[in-house]
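Residue numbers (our numbering), protein chains in the order written: chain U, 29 to 377; chain R, 29 to 377; chain V, 29 to 377; chain P, 29 to 377.
Number of protein chains: 4
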Amino acid sequence: MQAHGSSGSRAINFCLVGAGFIGPVHAANVTAHPRARLRWVVDLNAEAARRVATKHGAQSATSADAALADAAVDAVIICTPPRTHAPLIAAAARAGKAVFCEKPVDLDMKPVMDCAKILAATRTPFFVGFNRRFDPNHRALFDAMGNGEIGRPEMLILSSRDPEIAPPDYIATMSHAIFYDTMIHDFDMARWLLQDEPVEIFARTARMLDAKDNPHRTPDTAMVILRMARGALVHVNASFRAAYGYDQRIEAFGEKGMIVSRNPQPTTLERYGADGIRQDRLLHFFVDRYADSYVRELDAFVQALERGTVPSIGIEDGRRALMIAEAAMRSAESGAPIRLAPGPPQPSD
Amino acid sequence: MQAHGSSGSRAINFCLVGAGFIGPVHAANVTAHPRARLRWVVDLNAEAARRVATKHGAQSATSADAALADAAVDAVIICTPPRTHAPLIAAAARAGKAVFCEKPVDLDMKPVMDCAKILAATRTPFFVGFNRRFDPNHRALFDAMGNGEIGRPEMLILSSRDPEIAPPDYIATMSHAIFYDTMIHDFDMARWLLQDEPVEIFARTARMLDAKDNPHRTPDTAMVILRMARGALVHVNASFRAAYGYDQRIEAFGEKGMIVSRNPQPTTLERYGADGIRQDRLLHFFVDRYADSYVRELDAFVQALERGTVPSIGIEDGRRALMIAEAAMRSAESGAPIRLAPGPPQPSD
Amino acid sequence: MQAHGSSGSRAINFCLVGAGFIGPVHAANVTAHPRARLRWVVDLNAEAARRVATKHGAQSATSADAALADAAVDAVIICTPPRTHAPLIAAAARAGKAVFCEKPVDLDMKPVMDCAKILAATRTPFFVGFNRRFDPNHRALFDAMGNGEIGRPEMLILSSRDPEIAPPDYIATMSHAIFYDTMIHDFDMARWLLQDEPVEIFARTARMLDAKDNPHRTPDTAMVILRMARGALVHVNASFRAAYGYDQRIEAFGEKGMIVSRNPQPTTLERYGADGIRQDRLLHFFVDRYADSYVRELDAFVQALERGTVPSIGIEDGRRALMIAEAAMRSAESGAPIRLAPGPPQPSD
Amino acid sequence: MQAHGSSGSRAINFCLVGAGFIGPVHAANVTAHPRARLRWVVDLNAEAARRVATKHGAQSATSADAALADAAVDAVIICTPPRTHAPLIAAAARAGKAVFCEKPVDLDMKPVMDCAKILAATRTPFFVGFNRRFDPNHRALFDAMGNGEIGRPEMLILSSRDPEIAPPDYIATMSHAIFYDTMIHDFDMARWLLQDEPVEIFARTARMLDAKDNPHRTPDTAMVILRMARGALVHVNASFRAAYGYDQRIEAFGEKGMIVSRNPQPTTLERYGADGIRQDRLLHFFVDRYADSYVRELDAFVQALERGTVPSIGIEDGRRALMIAEAAMRSAESGAPIRLAPGPPQPSD
């Protein structure tokens, strides 16, 4: 895409990097999008890359080089492990490709800051996949808050519970996946829903799973309190074993009332029997729950490219969420609350 | 009570006739009422009468004669089998006692009409125990309809399901207990909620229980459609085996919307587990569900006596509900809809 | 499609007849289906046909002749007004095209019987668009009943309420649209869910809308009781003005309990304010509520064609639903219940 | 009561000290209890004392001296402002009366420790009014946890929101009423539900109400995280302005699932209208929500006296809840988490 935003009527051509868990979801959404096309699938695992590529009529490769050199490629979707994101972002930006990057942008601040500079210098359209912002229920909550339905927000409570722990190989890449991988979504939601920045965080973790399920003994249970610059208090709780499915609720409380974004359910059935009234367990996990959100976030990215507008979730959103996750980890480890600067990063950063 | 309505500050003295199933409930409510006192308990079963009387510091007898001759007795609560109601009503009225009678007033129209004449001649305060009118939820529905919340009512749907069939001895006293004993409540509710009279009824029954549970082969399942004088349509369905407890719901639909009176639940607990979300089964039966209603209907009766006002549910309400039950039975038996006169009974009746 | 069921890997080519209200929905679903393609759009209104055709890269015409003569066309979707269905079915069948027909198949029994003969003679794959069978919630209810979760079914209650009356031009084509156009779905659901046939129907209607909204004075409110061959009782209620949106609920009651298929809601939000707890109104109408069902029924049809199997809802289903609607109308007009033969149509039909 | 636990069949005679807000509730419950009688009502405000006393046939006084000297008095209910509790407890204990004391026992640890000594020395039956333990829903949650329904508890989330701030005169008696008066209930619930003690607390407060509603600028919004000795994490949030009523929910999450004790609702009505589905706002405040709990806690106290057993909530429960409230205040003021000794108080305390 020679000039971002001037793509005219032809489809946006994508290169997907990372054919693992969430990669195929993005691949399918690109193919289903009326104005997007999957051109490359890249993965170190040649067989995985080929499988996804074949399904969608794309080419496959074990390195992104050829795809980035392909002038027909407009945009890159990065869904490899977090520590590989920064070099891919840099390479894509230098190759003139727009970037859609899964969260977290990285696990350390330095690479994120470096990316920010490169993206700015190359004027690369960049989008972080905080998909929950595109969930219809959470979005309706955001809109209702924006319409002043609860007046000044006073408390925000986010429940963020996974039905199972991520695979050991993935967990092992992070010291505190519960903050960097899971709650990072909630940190972003707090910033977005309240349109405010945290000034302090206190975090506590626990290890509730046994060694069989959690061989790396990573914290699997956590609670956090955030204090926001404009005064609202935020609570987040997370777990890696919600026996009843993926539990994602948001409760926004303000001077005029409360709005709750509840879990959707697989079906509407209510079963009345001798032992009570039963409804379905929750949807199993994020791919089920946020299927719509993945479609919508891709569409938001495509539209931004088509219109030449700045994607709605940028590198600064990625940086701030990571900064909060990092502070959560330090608080959990030190046992003390951590102050967070609400303003922009200092020049010396 | 020499002059109804002039009882001043002393308690209303009650004689309870019928110490069976619902009798003890009324006895306890009389005792708990701050301005009522239980003086007599009458039952053919001397032991049953004595047991209830002793518990509440009352006298017991196997005939109502002594109690009706007791000048201190102000009012009689009749909760014997339906066919014994009419003679007891007549005797009480002639003895100058106010009467609280369980539904149905009788199983035939003739004795009810006779009672009406005696009650009118003796100016006896009379009340029929259509307890559902005093349920707080149904009452709130009534009030909301009265406030015009749904505008003109167009459809009313009543679900009226018992968790089990009544004892064979009781069932055997009636040809169609499902109409005379169960739906008679719903027929009263339809009249009361819509403030209107039915002009036609169509009824269908089924026998779903096997001979062990339903030895008399009485209809145990029924559906009815009523057409009301002002045009609204009413559906009632009933069953004698709701496996999940006592199911009593009302759905009022009108030009501006719908209001539903749902089942209350024993607790508010929601249990989330691997097999779904579970809530309590429903309250077991009418004594559990309508405990409040029994207290409130007694209080309404006591207040009417104290103030000398006409009790809110009179013999005409009892007569009309019976008339509808009788028509339901005839429709179910003949397979044809039955017309009902919306106006008052003719003199020749 | 030369030989039904032998289409191999190429897409099924469709001709859509009727570009009105539901036509564009089918057109979009055909286009979105990975193995279907829209080739023709036919409508008397040339402009409407052209608009839909252009959007999906199809040809347009004001008559079906050219499309039926097009050897590349495999199947026809008929969504014109009911009285035009039969001749189109016949023409399509004679042209060797499979047929997907919107309900009702016709408004009279004779043309339906004639269609049945032609379809049989030509061995044409035929499908009636009873889309509710494909609603995920109703389907889950069907599956649960099939698994014996409520044991023997005893009562079925269907609420079927539209938010508004159909346009006068459409309503005018039928004497009782509330039976032929709306409840016909419920009649099909009763047959399907209970896997049983009705032996009797009683129906009552009312006119609740004023002349402005209902200029043709068609019945806009109705209640029905069906008695099924195996004994279950069925109630259906319908309205043309549910102020709160499209209300479609099913309640299946049996010896072991009850299962309810409730309305899905636009969002999961619960708003707590000074005046109570509020949730969204219901989805507005069938296109919103049954969006998924339309996709799924098309896929079921496509799969049947691909596999050469008989489509799951055939002409006999269409005929029986129409027969019940017709009986409902006769009952409502005569005021008497109507008997229905549970068995196959007589030869003299 | 000469010898605690040997009262035989005569009623327990009560002296109520404090005829303010909650006093009349206790007075009515004593009168309604079949084996309790209100003999004295004491309040500095002679008129208030007289009004409550007259209503229940008791004597009134402006000092407790005469009542404590009355040999017929068995027990004292203390519901005066918190700082007056300790001297009243001591006086009652010395007079040989059993004590039912509203929470908090005091606002400082020293008087509570002194009371503990006196109570132990005089072997006085003592009960703290943590009424929520007697709420049927919370109790059912407790029972379910005891039955192992969620396995090992991992997280507990308590929402504790008042519809309005307490009167300025009352608020002014405490530095942090949100901890000492409101969350003290939740601190007790956490201990009771988890059968465990906290080892650390972190608290944050905010002032969201304006000066008109909150003239003393006491914190009106608060969030807390507790870490329990056995590892579970607890979150409590509180507010003094829940626009939608008294909001009291508990969410217990464990290895096998989650159980939620939800808010009961005034009625079961669901109102469907053009603007959505509406249910009642919540019950207004604690007297409405916990009416049952007040009755049940009194009964528990009466039964303990009758049977000579130790009341279920003792001075140690009062002390521990106060200790947590005090730590919450210190954490909120210092910004640092506070450690709590899970074991018994040290001798030097």
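Yeah, the Cβ is synthetic: ideal placement off N, Cα and C, and Gly gets one too.
CB of residue i within 7 Å of CB of residue j, strictly
i	j	result
residue 186(V)	residue 278(V)	yes
residue 134(U)	residue 127(U)	no
residue 294(P)	residue 155(P)	no
residue 284(P)	residue 179(P)	yes
residue 270(V)	residue 189(V)	yes
residue 325(V)	residue 165(V)	no
residue 41(V)	residue 95(V)	no
residue 311(V)	residue 274(V)	yes
Short CB-CB distance (under 7 Å) between residue i and chain P
i	result
residue 374(V)	In this predicted model, residue 374(V) has a pLDDT of only 47, less than 50, meaning its place in the structure is not dependable; the value taken from the coordinates is given anyway. Closer than 7 Å: no.
residue 306(V)	yes
Proximal chain A residues relative to residue i, where beta-carbon distance stays under 9 Å
i	result
residue 302(U)	Absent from the structure: chain A. Protein chains present are U, R, V and P.
Supposed close pair residue i, residue j - CB separation, criterion 8 Å
i	j	result
residue 257(P)	residue 224(P)	5 Å
residue 365(U)	residue 182(U)	That pair is no contact at about 20 Å.
residue 87(V)	residue 304(P)	Between residue 304(P) and residue 87(V) the Cβ distance is about 45 Å, and since that is not below 8 Å, they are no contact.
residue 252(P)	residue 356(P)	6 Å
residue 232(U)	residue 255(P)	6 Å
residue 44(P)	residue 66(P)	6 Å
residue 266(U)	residue 337(U)	Actually they do not touch by this definition, with Cβ atoms about 33 Å apart.
Any C-beta of chain R under 7 Å from that of residue i
i	result
residue 241(U)	no
residue 39(V)	no
residue 58(P)	no
residue 62(P)	no
residue 65(P)	no
residue 339(P)	no
residue 45(P)	no
Residue-level contact to chain V via CB, residue i, 7 Å cutoff
i	result
residue 33(P)	Summary for residue 33(P): the model assigns pLDDT 43, below 50, so the residue's position carries little reliability, and this model does not support an answer.
residue 299(R)	no
residue 295(U)	yes
residue 53(U)	no
residue 278(U)	no
Within-7 Å CB hit, residue i to chain U
i	result
residue 367(V)	no
residue 330(V)	no
Cβ-heavy atom distance, residue i to the ligand COA, below 6 Å
i	result
residue 218(P)	Because no ligand of any kind appears in the structure shown, any question about the ligand COA cannot be addressed here.
Q. Which parts of the segment 39-66 of chain U are runs of the alpha helix (DSSP H), unbroken and 4 residues or longer, counting only runs that do not cross its ends?
A. 51-60, all fully within the segment 39-66 of chain U.
Q. What residues in the segment 244-276 of chain R bring their beta carbon closer than 9 Å to a beta carbon of chain U?
A. Here the close residues are 270, 271, 272, 273, 275.
Q.
Restricting to runs no shorter than 4 residues, where is the alpha helix (DSSP H) found entirely within the segment 312-371 of chain R?
A. Here the runs fully enclosed are 314-317, 319-335, 343-362.
Q) Mind pulling the alpha helix (DSSP H) runs of 4 or more residues that sit fully within the segment 163-248 of chain R? A) Counting only runs of 4 or more, we get 164-174, 196-199, 212-222.
Q: Mind checking the segment 180-213 of chain V against chain R and listing, in chain order, the residues whose C-beta falls within less than 9 Å of any C-beta there?
A: Within the segment 180-213 of chain V, the qualifying residues are 180, 182, 183, 185, 187, 189.
Q. What are the residues of the segment 152-184 of chain V that lie near chain U, defined by any Cβ-Cβ distance shorter than 8 Å?
A. If the cut-off is 8 Å between Cβ atoms, the segment 152-184 of chain V has 164, 165, 168, 169, 172, 177 near chain U.
Q: Pull out every residue of the segment 68-81 of chain V whose Cβ sits closer than 7 Å to any Cβ of chain U, in chain order.
A: Answer set for the segment 68-81 of chain V: empty.
Q: For the segment 309-327 of chain V, enumerate the residues whose C-beta is nearer than 8 Å to any C-beta of chain U, in chain order.
A: Taken residue by residue, none of the segment 309-327 of chain V has a beta-carbon sitting less than 8 Å from a beta-carbon on chain U.
Q: Scan the segment 217-241 of chain U for residues whose Cβ lies nearer than 9 Å to a Cβ of chain P and list them as they occur along the chain.
A: Along the segment 217-241 of chain U, the positions whose C-beta sits under 9 Å from a C-beta of chain P are 228, 230, 231, 232, 233, 234, 235, 236, 237, read in chain order.
Q: Note down, one range per segment and in chain order, each alpha helix (DSSP H) of at least 4 residues found wholly within the segment 115-167 of chain V.
A: When DSSP assignments are scanned along the segment 115-167 of chain V, the uninterrupted stretches of alpha helix (DSSP H) that are 4 or more residues long and fall wholly within it turn out to be 137-150.
**Q.** Contiguous beta strand (DSSP E) assignments of at least 3 residues, all confined to the segment 257-281 of chain R
**A.** Correct list: 261-267.
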